[in-house]
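Quick mapping for you: the protein sequence lines, in order, are chains A and B.
For what it's worth, the working numbering labels the leading residue of the first sequence as 36, then goes sequentially.
For what it's worth, the working numbering labels the leading residue of the second sequence as -19, then goes sequentially.
Report on the structure given below.
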Amino acid sequence: MDQDLAKKTVEQLRRAGINFVTYLPETRLSSILPFLEAERFFQLVPVASEAEAITIASGASLVGKQSACYMEGTGLFVCSYNLLTVSVRLGVPLLLLISYVGSFADQRNSFRFAPTGIRTEAQLEALNIEYQLIANCHDLETKTNDAVRMMNALKQPVALLFTGDFTA
Amino acid sequence: MNRHDCLQALVPHISDQLVVPSVSGQWIWGELSKHDGNLLLGSMGNAIGVGLGMALALPHRKVIVLESDGSVLLSLFNLPTLGSLNPDNLVVFVFDNEAYSGSRISRPTATAGKTNLAAMAKDAGVSYAVTVRDIEAFNREMSLAVKEKGLRFIVAKIEETFEHRKVQRSDVDLLENKYRFVRYIERTEGIPVFRGRG
């Protein structure tokens, strides 16, 4: 992922009000991590499983943080139980920042990722989680702002699936 | 020592702490404590994570998690994260009856055999992790944990009782409890939790 795009992504998260981010490092969007670390606005929480990325961020949201969880697309399947039993059931605003591995526009797609990728949107739909795809920087500002507004309006998790230029 | 005795001993120590019970303790805790700072989850494997998120987000506020052996075993990845992040305002009580003790079942968990949750927490980096086996030891650890700073992971070995089967379940559903909890946070912290107005 291009450094400039990574920087813009992090700037946009800050402008949208996200101030608490749980994460499990992955490959596609990893360039955003140094920018997140450099920006003191964000409280960053490294985790050992996407499952606790969800529960920790949910706890933070319930006491006033605007929380996001950054994970690889495969992590969505790991944390589906926690999304369903905590965030969706209780109604907790969360922004899921998902690198959409195995999607059509994943520029590093392979037999390792495609079988997961083709099930990602169906999984979000099964969980009743609203989502948007972002493939380039033109959509970044609008879709990030829209997603944060939606998560707060719905009081539910909302997902941004990063593909295209974000997966280069 | 049983769960009811431990929770009853804890009740008078609760003032402005935030309390997150896992599913197995929430029926008894919900009956004993009407504290607005109780967040009932109604599920297993989530309480440590949710409590940890609260503790990190509100570092000046004590957070108490009421867990069980089966629930901790479901989310063991929490232990290294607790050890790494080491929030000094979080206390985790694990009520370990060595059984999956539901409304109709009683089957042994791994802690009925060789598994030692306090030792696992310690090796995962939680420096204060102990096991207590009687109510006197529980009371001693509990009153220190509630009062003093520092991450504590306290495993209370309890008898398996079936009291939870007799407790009348609350008619406050999880959503209603969440709103009550959130309004309590807004009131006591003076911050908005949910953004936006209708």
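Note that the Cβ used here is the ideal one computed from N, Cα and C, for glycine as well.
Where the beta strand (DSSP E) through residue i begins and ends
i: Val193(A); result: 192 to 197
i: Glu165(A); result: 165 to 169
i: Cys114(A); result: Per DSSP, Cys114(A) belongs to no beta strand (DSSP E) and is neither H nor E.
i: Glu176(A); result: That residue, Glu176(A), is in no beta strand (DSSP E); its alpha helix (DSSP H) goes 175 to 189.
i: Cys104(A); result: 102 to 107
i: Tyr135(A); result: No beta strand (DSSP E) contains Tyr135(A), which DSSP labels as neither H nor E.
i: Pro1(B); result: -2 to 1
i: Ser86(B); result: 86 to 88
Length of the line joining the Cα atoms of residue i and residue j
i: Ser102(A); j: Val123(A); result: 14 Å
i: Pro81(A); j: Pro192(A); result: 19 Å
i: Glu47(B); j: Leu19(B); result: 13 Å
i: Asp(-15)(B); j: Ile115(B); result: 8 Å
i: Arg163(B); j: Gly50(B); result: 31 Å
i: Asp16(B); j: Phe174(B); result: 17 Å
i: Ala(-11)(B); j: Phe77(A); result: 39 Å
i: Arg84(B); j: Phe70(A); result: 51 Å
i: Met122(B); j: Asn144(A); result: 52 Å
i: Thr177(A); j: Leu48(A); result: 11 Å
i: Ala99(B); j: Gly105(B); result: 10 Å
i: Phe112(A); j: Lys42(A); result: 28 Å
i: Ser206(A); j: Ile(-6)(B); result: This structure cannot speak to residue 206(A), because chain A is shown only from 36 to 203.
i: Gly110(A); j: Thr61(B); result: 17 Å
i: Lys102(B); j: Glu140(B); result: 25 Å
i: Leu129(A); j: Ile91(A); result: 11 Å
i: Phe146(A); j: Ile89(A); result: 28 Å
i: Glu227(B); j: Pro172(B); result: What is shown of chain B runs -19 to 178, which leaves residue 227(B) out entirely.
i: Pro(-8)(B); j: Ser96(A); result: 28 Å
Those residues which DSSP pairs with residue i across a bridge
i: Thr111(B); result: Val135(B)
i: Ser122(A); result: Paired residues: none, contrary to the question.
i: Phe75(B); result: Ser48(B), Ala136(B)
i: Gln6(A); result: The shown model of chain A, from 36 to 203, leaves out residue 6(A), and the question about it has no answer.
i: Pro67(B); result: Bridge partners of Pro67(B): none, in fact.
i: Leu129(A); result: Pro192(A)
i: Asn18(B); result: Val(-1)(B)
i: Ser81(B); result: Ser86(B)
i: Val43(B); result: Leu(-2)(B), Leu70(B)
Where the alpha helix (DSSP H) containing residue i begins and where it ends
i: Leu155(B); result: 154 to 169
i: Arg154(A); result: 149 to 161
i: Pro69(A); result: 67 to 73
i: Met100(B); result: 97 to 103
i: Ile89(A); result: 85 to 96
i: His(-7)(B); result: First-last for His(-7)(B): undefined, no H or E at that position.
i: Leu42(A); result: A small fix is needed here, since residue 42(A) is Lys in this sequence, not Leu. 38 to 50 is the span of the alpha helix (DSSP H), which, as asked, contains Lys42(A).
i: Val30(B); result: 27 to 37
Residue from the options with nearest C-alpha to residue i
i: Asn163(A); options: Leu79(A), Gly126(A), Ala149(A), Glu176(A); result: Gly126(A)
i: Gly130(B); options: Pro1(B), Ile138(B), Asn66(B); result: Asn66(B)
i: Gly21(B); options: Leu62(B), Ala35(B), Val(-1)(B); result: Note on identity: in this sequence residue 21(B) is Leu, with Gly being the wrong assignment. Nearest of Leu62(B), Ala35(B), Val(-1)(B) to Leu21(B), Cα basis: Val(-1)(B).
i: Asn26(B); options: Thr141(B), Leu38(B), Met(-19)(B), Ser2(B); result: Ser2(B)
i: Glu74(A); options: Gly152(A), Val56(A), Ile169(A); result: Val56(A)
i: Thr95(B); options: Met34(B), Leu56(B), Ser(-5)(B), Lys158(B); result: Leu56(B)
i: Ser107(B); options: Asp68(B), Pro172(B), Gln148(B); result: Asp68(B)
i: Ala140(A); options: Met186(A), Phe201(A), Ser96(A); result: Phe201(A)
i: Ile67(A); options: Cys104(A), Ala95(A), Ile91(A); result: Cys104(A)
i: Phe133(B); options: Lys127(B), Tyr80(B), Pro88(B), Gly63(B); result: Gly63(B)
i: Gly108(A); options: Leu97(A), Ala92(A), Pro150(A); result: Pro150(A)
i: Val2(A); options: Ala125(B), Ile44(B), Ala37(B), Lys42(B); result: Outside the displayed span of chain A (36 to 203) sits residue 2(A), for which this structure offers no information.
i: Asn(-18)(B); options: Gln(-3)(B), Leu59(B), Gly29(B), Ser4(B); result: Ser4(B)
i: Gly10(B); options: Gly176(B), Gly170(B), Asn157(B), Glu169(B); result: Asn157(B)
Taking only beta carbons into account, state which residues of the segment 15 to 38 of chain B come closer than 9 Å to chain A, listed in chain order. Under the 9 Å Cβ criterion, the segment 15 to 38 of chain B contributes Leu19, Leu21, Gly22, Ser23, Met24, Gly25, Asn26, Ala27, Ile28, Gly29, Val30, Gly31, Leu32, Gly33, Met34, Ala35, Leu36, Ala37, Leu38.
Report the residues of the segment 86 to 109 of chain A with a CB closer than 9 Å to any CB of chain B, ordered along the chain. Listed in sequence order: Ala86, Glu87, Ala88, Ile89, Thr90, Ile91, Ala92, Ser93, Gly94, Ala95, Ser96, Leu97, Val98, Gly99, Lys100, Gln101, Ser102.
Counting only Cβ-Cβ distances shorter than 9 Å, please list the residues of the segment 73 to 87 of chain A near chain B, keeping chain order. From the segment 73 to 87 of chain A, only Gln78, Val80, Pro81, Val82, Ala83, Ser84, Ala86, Glu87 have a Cβ closer than 9 Å to chain B.
Short of 8 Å Cβ to Cβ, which residues in the segment 111 to 122 of chain A face chain B? Listed in sequence order: Tyr116, Asn117, Thr120, Val121.
Relative to chain B, which residues along the segment 175 to 188 of chain A have a C-beta separation below 7 Å, given in chain order? Correct list: Asn187, Ala188.
Residues in the segment 52 to 70 of chain B having any Cβ partner in chain A nearer than 8 Å: Near chain A, meaning a CB-to-CB distance below 8 Å, the residues of the segment 52 to 70 of chain B are Ser55, Phe57, Asn58, Pro60, Thr61, Ser64, Leu65.
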